[in-house]
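Student: Residue numbers (the numbering used here): 611 to 1036. Positions of the beta carbon are idealized from the N, C-alpha and C atoms, including for glycine.
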RNA sequence: GGAGAGUUGGCAGAGUGGUAAUGCACCGGACUCGAAAUCCGGCGAACCGGUAAAACGGCGCGCAGGUUCAAUUCCUGUACUCUCCUCCA
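As structure tokens, then:
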């Protein structure tokens, strides 16, 4: 959520900044008009409330002295009615202001490429070079099925399309990967947590999946109370400190968690229908940071480096993309995507997204800190995948495949695989 | 699932229709070479409006409604915490 005061002060700047994110100038103008009305009502109602407070004090005094206050009481009855009417108007205007405000995306940082979609993304750097195969590399789903470590058919039978079973060394590879990732992040100072996988609407609002993106998630109703299966651990990790005021000395806070992620993938029909790239349920190791505002961009670089480090240690070629303003997520001011090389598709595919959400989520979720002078400020929040585990399995299967269909286990993972160095061909 | 108790400033903790005591902590001053102790004074969450900045005002006793001229106090609903019972991986 943006600061309404900032929108009041710099409306033209806001319009310009949000134009490439699909926000029209008319929306901002409407918001400001409603905000002006709202503040006029506030002044009017507070004036009456002041009057009521003063007269009520008089009434109290008269009553204490056993006098007659019926004239004042009658007057205040009328004032009370006026207040009631004004407050009702105010509630209505508040609702209208909030409706628009919570649907405005974050302001892109100054160095973010401006553009409406992914065509305007910029490659920042590339690491390593894709391997040259002396044979035609197979897709990971073919490898996985042949090796008996992935079973998409039974996933579909039992749950539906976009579900999978991992088996045997496939399941162990997934487990090895996330243990490896969590260990690496722990070394960098992230505290490992196991959060709830179901969250309430307030949490979904705090990280701004709600109210705009209700279609993308699975929500279950339990005795009338909705709970949503987390689409990412960002939700429970970032809401961990919601409605709290931290001490400045506590910052920065680094958290990491492995969780399953659940996404309805509404609107992605026909895309990545095979394999591990786009499933309704997948594991992801997430990193979340709470930092002071002045540190947030430096922390974003570190966060991105921490995600990259996993790919480097697995020796998987990747590139770093700076997302264009129109391609970044709703709450992000600046996002780097990491894309890993997928040989069978002859392209790079997203495996991590690292974002600085500045104070956007902190304002929604009311996450603040108190500085040495006792002043209260919003924290900045960041999140990044480190990494999407299923996609990492896909990348390993494809990049580490041998001509006979066997898979060499990356050296860094061998200790996590109990010494297994190869997934043998069948 | 059942029963009871609780939720008030950084902490502790009173109040119970007339508009939030008190203690500790914190800040300033006195005393002192300095400190402690003592004394005097002050500050009280967070938020909103207002202002050039102030002043000032509103709100504020878990949350949401209601009754009332007036609600921390009464009524209704609800969340969470604790204790006991019940059940359970």
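Sorted by chain position, which residues of the same chain lie with C-beta nearer than 7 Å to residue 736's C-beta, five sequence neighbours on each side aside?
Tutor: Against the first chain, residue 736 aligns to sequence position 126. Here the set comprises 929.
Student: Report all residues from its chain with a CB closer than 6 Å to the CB of residue 672; omit the five preceding and five following residues, and keep chain order.
Tutor: For this step, residue 672 is matched to residue 62 along the first chain. Only 679 meet the Cβ criterion.
Student: By how many angstroms is the C-alpha of residue 723 removed from the C-alpha of residue 749?
Tutor: By 1-based counting over the first chain, the position of residue 749 is 139. By 1-based counting over the first chain, the position of residue 723 is 113. Distance between the alpha carbons of residue 749 and residue 723: 33 Å.
Student: Go through its chain and collect everything with a Cβ distance to residue 635's Cβ below 8 Å, but skip five positions before and after it.
Tutor: As a first step, residue 635 is located in the first chain; it is residue number 25 there, counting from the start. If we look at residue 635 and ignore the five residues flanking it on each side, its Cβ neighbours are 625, 629.
Student: Would you kindly work out how many angstroms separate the C-alpha atoms of residue 899 and residue 655, rounded to a whole number?
Tutor: Your numbering for residue 899 matches position 289 in the first chain. Your numbering for residue 655 matches position 45 in the first chain. Rounded to whole angstroms, residue 899 to residue 655 spans 41 Å at the Cα level.
Student: Give every residue of the same chain whose Cβ lies closer than 6 Å to the Cβ of residue 853, excluding the five residues on either side of it in the sequence, and list them in chain order.
Tutor: Here residue 853 is taken as the residue at index 243 of the first chain, counted from 1. Contacts found: 976.
Student: Give the list of continuous beta strand (DSSP E) stretches no shorter than 3 residues that lie fully inside the region 935-960.
Tutor: Correct list: 944-952.
Student: In or out: residue 959 buried (at least 16 other Cβ within 10 Å) or exposed?
Tutor: Residue mapping note: residue 959 aligns to position 349 of the first chain, counting from 1. So residue 959 counts as buried.
Student: What span of residues does the beta strand (DSSP E) with residue 857 cover, start to end?
Tutor: Here residue 857 corresponds to residue number 247 of the first chain, with the count starting at 1. Start and end: 854-857.
Student: DSSP three-state label for residue 830, please.
Tutor: Taking the first chain and counting its residues from 1, one reaches residue 830 at position 220. It is a strand residue.
Student: On the three-state DSSP scale, how would you describe residue 744?
Tutor: Along the first chain, read from residue 1 onward, the residue named residue 744 stands at position 134. Here residue 744 sits in coil by DSSP.
Student: Evaluate residue 762 with the Cβ neighbour count: other Cβ atoms within 10 Å of its Cβ, from every protein chain shown; 16 or more gives buried, anything less gives exposed.
Tutor: Numbered from 1 along the first chain, position 152 holds the residue referred to as residue 762. Buried.
Student: State the start and end residues of the unbroken beta strand (DSSP E) segment that holds residue 897.
Tutor: By one-based count along the first chain, residue 897 stands at place 287. It spans 891-901 - the beta strand (DSSP E) in which residue 897 sits, taken as one unbroken run.
Student: Quick one: using the 10 Å Cβ neighbour count with 16 as the cut-off for buried, is residue 817 buried or exposed?
Tutor: Locating residue 817 in the first chain gives position 207, where the first residue counts as 1. Buried, because 16 or more other Cβ atoms sit within 10 Å of the Cβ of residue 817.
Student: Cα-Cα, which of 821, 614, 773, 689 is closest to residue 888?
Tutor: Residue mapping note: residue 888 aligns to position 278 of the first chain, counting from 1. Of the candidates 821, 614, 773, 689, the one whose C-alpha sits nearest the C-alpha of residue 888 is 773.
Student: Are residue 1026 and residue 856 touching if we call contact CB-CB under 8 Å?
Tutor: Within the first chain, residue 1026 is the residue found at index 416, counting from 1. Within the first chain, residue 856 is the residue found at index 246, counting from 1. Not a contact, by the Cβ cut-off of 8 Å.
Student: Apart from the five residues just before and just after residue 734, which ones in its own chain have a Cβ nearer than 6 Å to its Cβ?
Tutor: Numbered from 1 along the first chain, position 124 holds the residue referred to as residue 734. Result list for residue 734: 930, 932, in chain order.
Student: Just reading off the alpha helix (DSSP H) that residue 796 is part of, what are its end residues?
Tutor: The residue labelled residue 796 in the question sits at position 186 within the first chain. That run of the alpha helix (DSSP H) goes 778-797.
Student: Rounded to the nearest angstrom, what separates residue 949 and residue 1013 at their Cα positions?
Tutor: By one-based count along the first chain, residue 949 stands at place 339. By one-based count along the first chain, residue 1013 stands at place 403. For residue 949 and residue 1013, the distance between alpha carbons rounds to 25 Å.
Student: Got a sec, what are the start and stop residues for the beta strand (DSSP E) residue 931 sits in?
Tutor: Within the first chain, the letter at position 321 stands for residue 931. Per DSSP, residue 931 belongs to the beta strand (DSSP E) from 928-932.
Student: Tell me, which residues are paired with residue 986 by DSSP?
Tutor: Numbered from its first residue, the first chain carries residue 986 at position 376. Paired residue(s): 980.
Student: Using DSSP with H/G/I as helix, E/B as strand and the rest coil, what is residue 839?
Tutor: To locate residue 839, count along the first chain from 1; it is residue 229. Strand at residue 839.
Student: If you draw a straight line from the C-alpha of residue 943 to the C-alpha of residue 1016, how long is it?
Tutor: If you number the first chain from 1, residue 943 lands on position 333. If you number the first chain from 1, residue 1016 lands on position 406. Using only the alpha carbons, I get a separation of about 43 Å.
Student: Would the beta-carbon of residue 713 fall within 8 Å of that of residue 822?
Tutor: Here residue 713 is taken as the residue at index 103 of the first chain, counted from 1. Here residue 822 is taken as the residue at index 212 of the first chain, counted from 1. Going by C-beta atoms, residue 713 is nearer than 8 Å to residue 822.
Student: Check each candidate in 972, 659, 633, 711 and name the one with the smallest Cα separation from residue 725.
Tutor: Residue numbering aside, residue 725 sits at position 115 when the first chain is read from its first letter. Among 972, 659, 633, 711, the Cα nearest to that of residue 725 is on 633.
Student: On the three-state DSSP scale, how would you describe residue 666?
Tutor: Stepping through the first chain from its first residue, residue 666 is reached at position 56. DSSP places residue 666 in helix when its eight states are reduced to three.
Student: For residue 614 versus residue 645, is the C-beta spacing smaller than 8 Å?
Tutor: As a first step, residue 614 must be located in the first chain, where it is residue number 4. As a first step, residue 645 must be located in the first chain, where it is residue number 35. In this structure, residue 645 lies closer than 8 Å to residue 614 by Cβ.
Student: List the endpoints of the continuous alpha helix (DSSP H) containing residue 735.
Tutor: Within the first chain, residue 735 is the residue found at index 125, counting from 1. Counting along the chain, residue 735 falls outside any alpha helix (DSSP H), though it belongs to the beta strand (DSSP E) covering 732-737.
Student: Leaving aside the five residues before and after residue 805 along the sequence, list all residues of the same chain whose C-beta is less than 7 Å from its C-beta, in chain order.
Tutor: The residue labelled residue 805 in the question sits at position 195 within the first chain. Contacts found: 843, 846, 847, 867, 869.
Student: On the DSSP bridge list, what partners appear for residue 1017?
Tutor: In the first chain, residue 1017 corresponds to position 407, counting from 1. Looking at the DSSP assignment, residue 1017 forms a beta bridge with 1011, 1033.
Student: What distance in whole Å lies between the Cβ atoms of residue 743 and residue 953, which are believed to be in contact at a cut-off of 8 Å?
Tutor: For the purposes of this step, residue 953 is identified with residue 343 of the first chain, where counting begins at 1. For the purposes of this step, residue 743 is identified with residue 133 of the first chain, where counting begins at 1. About 7 Å separates the two Cβ atoms, so the contact holds.
Student: Between the Cα of residue 882 and the Cα atoms of 1007, 751, 862, 666, which residue gives the shortest distance?
Tutor: Counting from 1 along the first chain, the entry for residue 882 is found at position 272. When each option's Cα is compared against that of residue 882, the closest is 751.
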